[in-house]
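To start, the structure under review is shown below, and the notes come after it.
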Amino acid sequence: MTAARRFAQDRWAVVGLVFLALLALAAVAAPVLVDRVLHASAFRLGMMDRVEVGGRPVEVVDELGVPVGPNARFPLGADLIGRDVLARMIYGARVSLVVSTLGTLLAVLLGLAVGLTAGFYRGTVDTILSRFVDAMMAIPILLLAIALASVLPQGSVWTVVLILGLVNWTYLARIIRAEVLSLREKEYVEAARALGANDPAILLRHLLPNLIGPLLVFATLSMAGNILLESALSFLGVGIQPPTPSWGNMIQEGMAFYSVAWWITLFPGLAILATVISLNLVGDGLRDALVPGSRQRLRA
Amino acid sequence: MTAFLVRRLVWSVVVLVMVCAITFTIFFAVPGKPAQLIAGKYGTQETIALIEKRLGLDQPKPVQFVRFVSRAAVGDWGFSYVSQQPVLGTILQAFPKTLSLTLGAVVIWLLIGIPVGILSALKPGSIWDRAAMVFTLVGISAPAYWIGLVFLRVFSDQLGWFPIGDYVEIAQAGVLSWAHHLVLPWVTLALLYAGWYARMTRAQMLDIARLDYVRTAYAKGLPRRVVVGRHILRNAMLPLVTMLGMDVAYLFGGAVLTETVFGIPGIGGLAWRAIRMRDLPMVMGTVLFAAVFIVVANLIVDLLYFSLDPRIQTES
Numbered sequence: 001m002t003a004a005r006r007f008a009q010d011r012w013a014v015v016g017l018v019f020l021a022l023l024a025l026a027a028v029a030a031p032v033l034v035d036r037v038l039h040a041s042a043f044r045l046g047m048m049d050r051v052e053v054g055g056r057p058v059e060v061v062d063e064l065g066v067p068v069g070p071n072a073r074f075p076l077g078a079d080l081i082g083r084d085v086l087a088r089m090i091y092g093a094r095v096s097l098v099v100s101t102l103g104t105l106l107a108v109l110l111g112l113a114v115g116l117t118a119g120f121y122r123g124t125v126d127t128i129l130s131r132f133v134d135a136m137m138a139i140p141i142l143l144l145a146i147a148l149a150s151v152l153p154q155g156s157v158w159t160v161v162l163i164l165g166l167v168n169w170t171y172l173a174r175i176i177r178a179e180v181l182s183l184r185e186k187e188y189v190e191a192a193r194a195l196g197a198n199d200p201a202i203l204l205r206h207l208l209p210n211l212i213g214p215l216l217v218f219a220t221l222s223m224a225g226n227i228l229l230e231s232a233l234s235f236l237g238v239g240i241q242p243p244t245p246s247w248g249n250m251i252q253e254g255m256a257f258y259s260v261a262w263w264i265t266l267f268p269g270l271a272i273l274a275t276v277i278s279l280n281l282v283g284d285g286l287r288d289a290l291v292p293g294s295r296q297r298l299r300a
Numbered sequence: 001m002t003a004f005l006v007r008r009l010v011w012s013v014v015v016l017v018m019v020c021a022i023t024f025t026i027f028f029a030v031p032g033k034p035a036q037l038i039a040g041k042y043g044t045q046e047t048i049a050l051i052e053k054r055l056g057l058d059q060p061k062p063v064q065f066v067r068f069v070s071r072a073a074v075g076d077w078g079f080s081y082v083s084q085q086p087v088l089g090t091i092l093q094a095f096p097k098t099l100s101l102t103l104g105a106v107v108i109w110l111l112i113g114i115p116v117g118i119l120s121a122l123k124p125g126s127i128w129d130r131a132a133m134v135f136t137l138v139g140i141s142a143p144a145y146w147i148g149l150v151f152l153r154v155f156s157d158q159l160g161w162f163p164i165g166d167y168v169e170i171a172q173a174g175v176l177s178w179a180h181h182l183v184l185p186w187v188t189l190a191l192l193y194a195g196w197y198a199r200m201t202r203a204q205m206l207d208i209a210r211l212d213y214v215r216t217a218y219a220k221g222l223p224r225r226v227v228v229g230r231h232i233l234r235n236a237m238l239p240l241v242t243m244l245g246m247d248v249a250y251l252f253g254g255a256v257l258t259e260t261v262f263g264i265p266g267i268g269g270l271a272w273r274a275i276r277m278r279d280l281p282m283v284m285g286t287v288l289f290a291a292v293f294i295v296v297a298n299l300i301v302d303l304l305y306f307s308l309d310p311r312i313q314t315e316s
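First to last, the protein sequences are chains A and B. If you're matching positions, the first sequence starts at 1 in the numbering used here and goes up one per residue. If you're matching positions, the second sequence starts at 1 in the numbering used here and goes up one per residue.
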């Protein structure tokens, strides 16, 4: 319980966690929120001059043909074809959260498998795996992601999950390998071996539990990176494909019109910023609470 | 020392060959033939077959791979499928733009990041420290391309201080105009790294300030200025030098997002277009070019540590 208490004392980490919880709630409740509170224009494909809100028509473009900015009906403005920016951002939160969570999960599994194997068996296995990790890390991450995106079937959310998983596991593999290299020399591992425990038992029952702390910290911080990467891929047009809204592709759609309709690019970017900041705060808080020694460092 | 050097060099080459293998594998998983792309929409079967033969695409994949690697090793990086221009030449032409972007950004992020980190570490928990940490948190959390768009909207569009995404050569437009065009991209790119460097500087300094030799330095009556400057700062900078080497090496491979937003015709944009056009030689070229910098930076870091840390020497 001490770790949980240490985390709870970190005010900023708690603020981050609360924001993420609210965001997740909004994402889950997206259909209800958008239908009842806003209006169901989030997925409309064609351009319209007005939409029905509560049975009354509402203009979505002004006299010059520019989409309306933030007002009472469209809290964050309308986009180029008159869709509600806030409604699309709420659906975008769904996509961003699901994709980056699953991508992180995949990266954790891959990194864990490779790191455990390399660190535990050492020797040739370690050399081959470590060189492969080196090679993967020598390719700039965004280039690797774009290359994978152009190979894998486009338009599917699962493709983006796969890409995030495939490009992000290497760093974790290195951390886990280093941890296992030192853990495997500990007396309790020797004791377990002397008692006749086999390799899988030592790996899963004795080494893995000691890696939960670093794993959790890595997963949180890496999810922050994944939100950014997903949005970057969608911004470049190789991630989540329209009409499915994602924060990144919303920014891309609004990019050419940022001087007349700034709200289309500004608000999704703020959503990314707030989410990534929250994840970083939670990650820092988890590190201080879970990784021994890091707390002694004075924190703001 | 020699044995260590040789072994490290051999491993670096192995890593580069593996980089080629990974890129090659990813690329040949793509359905559709490159020859079809070159021949164009109206290319006949004969034309396609001819192109495949000329480029060696009719050979088995492993043969193609070995031929690519052995040619790349002697500096023959082939020709672009799309532009028919030599790959290495095209990359070297784009490199000065990427270099301009990177070096300017490095100067800015060091000038912001390190002083902010030092001042924070000197007064941890103070108002200044808190404000600085909020700034760095925003820096490391904001999407670079979005920051770029916001900057363009505010500083180019509304205030009219800077031109809107246009790159000019030093040789043609002069240093001032070149820098004027690059200020926004520099700051955009630098903001992210300034955040990381400030956090890193602060954390390193606070870690070192707890060590015994620092207490000894204070105990023997040295003024704070000397202890911080000579004993803490100097040691705190070591890991930052490593980080700087790796970051610069990464950026030499191109900053795809910043280049895209500001229309800078550098390596990042080149790689991005090549991947979209399925221009295999250009993809291999840009990826390999980026990887060489990273591998060399790794090598330098290893050698530095080898010569600085006696424990590594006894191990090997």
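Glycine included, each C-beta is placed from N, C-alpha and C at the ideal position.
Counting along the chain, residue 10(A) sits inside no alpha helix (DSSP H), nor does DSSP assign it H or E at all. For residue 173(A), the nearest beta carbon of chain B is not closer than 8 Å to its own beta carbon.
The alpha carbon of residue 187(A) has as its nearest neighbour, out of 206(A), 171(A), 178(A), the alpha carbon of 206(A). With its beta carbon at least 8 Å from every one in chain A, residue 106(B) lies outside the interface.
DSSP places residue 79(B) within a strand segment (E or B) once states are collapsed to three. Residue 205(B) sits close to residue 233(B), with the two beta carbons spaced by under 8 Å.
Annotation for residue 179(A): the continuous alpha helix (DSSP H) segment containing it runs 157 to 183.
Under the Cβ criterion of 8 Å, residue 145(B) is counted among the residues facing chain A. The beta carbon of residue 102(A) sits closer than 6 Å to those of 161, all from its chain and outside the five residues before and after it, given in chain order. Within chain A, the C-beta atoms nearer than 7 Å to that of residue 18(B) come from 131, 132, 135, in chain order.
Membership of residue 258(A) in any alpha helix (DSSP H) is not indicated, and neither H nor E is assigned to it by DSSP. Taking a beta-carbon distance threshold of 8 Å, residue 168(A) does not count as an interface residue toward chain B.
For residue 71(A), there is no enclosing alpha helix (DSSP H), as DSSP marks it with neither H nor E.
The three-state reading of DSSP puts residue 29(A) in coil, since its state is none of H, G, I, E or B. For the 8 Å CB-CB criterion, residue 264(A) and residue 95(A) do not form a contact. For residue 270(A) and residue 228(A), the gap between their C-alpha atoms comes out near 12 Å. According to DSSP, residue pairing for residue 84(A) in a beta bridge involves 78(A). Taking a cut-off of 8 Å for Cβ pairs, the segment 10 to 23 of chain B and the segment 59 to 77 of chain B touch, as three or more such pairs fall below it. Any Cβ of chain A closer than 8 Å to the Cβ of residue 196(B) would place that residue at the interface, and such an atom is absent.
Each of 124(A), 33(A), 116(A), 71(A) was checked against the Cα of residue 87(A), and the nearest Cα belongs to 33(A).
The beta-bridge partner set that DSSP reports for residue 60(B) is empty.
Counting along the chain, residue 207(B) sits inside the alpha helix (DSSP H) bounded by residues 170 to 209. Residue-level contact by beta carbon fails for residue 35(B) and chain A, as no gap is shorter than 8 Å. For residue 128(B), the enclosing alpha helix (DSSP H) has its first and last residue at 127 to 141. A straight line joining the alpha-carbon of residue 127(A) with that of residue 118(A) spans about 8 Å. Not one beta carbon of chain A lies nearer than 8 Å to the beta carbon of residue 48(B). When only Cα atoms are considered, residue 198(A) and residue 107(A) end up about 27 Å apart. The C-alpha of residue 278(A) is placed about 41 Å away from the C-alpha of residue 8(B).
By the neighbour-count definition (other C-beta atoms within 10 Å, threshold 16), residue 58(B) is an exposed residue.
Here DSSP, grouped into helix, strand and coil, assigns residue 200(A) to helix. Within chain B, the C-beta atoms nearer than 8 Å to that of residue 280(A) come from 137, 140, 141, in chain order. Annotation: residue 147(A) to residue 258(A) spans about 28 Å, alpha carbon to alpha carbon. In this structure the segment 205 to 222 of chain A touches the segment 174 to 185 of chain A; the number of beta carbon pairs closer than 8 Å is three or more. In the structure shown, residue 281(B) adopts helical secondary structure according to DSSP, grouped into three states.
Counting only Cβ-Cβ distances below 7 Å, residue 26(B) has contacts in chain A at 147, 148, 151, in chain order. 286, 287, 290, 291, 294, 295: these are the residues of the segment 286 to 297 of chain B whose beta carbon lies less than 8 Å from some beta carbon of chain A, given in chain order.
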